[in-house]
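Residue 0 is where the sequence shown starts when you use numbering that gives the first Met the number 0, and the numbers rise one by one after that. For each residue, glycine too, the CB sits at the ideal point set by N, CA and C. The structure under discussion appears below in the form of structure tokens.
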Amino acid sequence: MRFETLPWCEIPGGPDGDACTLYRDHTRNHSWNVFDPKIEALRRRTLAENAELIAWLSGKPN
């Protein structure tokens, strides 16, 4: 059995300036423009369910 490692794209960008986490020569969008609908739904639900805690931790009124 033979294993090969594929090089990362590593183009900087996105809202945080992070490098793309997809493999080099990938098609279409870089990783910061790719969204998983299930992960996005989980993120929104988590933010909604913890809005008071997030406001308290950040020192902002909700």
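Are the CB atoms of Arg23 and Pro6 nearer to each other than 7 Å? Their beta carbons are under 7 Å apart, which means Arg23 touches Pro6 by this criterion.
Starting from Pro36, trace the alpha helix (DSSP H) both ways and give me its first and last residue. It spans Pro36 to Glu48 - the alpha helix (DSSP H) in which Pro36 sits, taken as one unbroken run.
Beta carbon of Ser30 nearer than 7 Å to that of Leu41: Contact check for Ser30 against Leu41 fails: the beta carbons are separated by 7 Å or more.
Distance between Lys37 and Ala50 (C-alpha atoms, nearest Å): Approximately 20 Å between the Cα atoms of the pair.
So who's on the other strand from Trp7, going by DSSP bridges? Tyr22.
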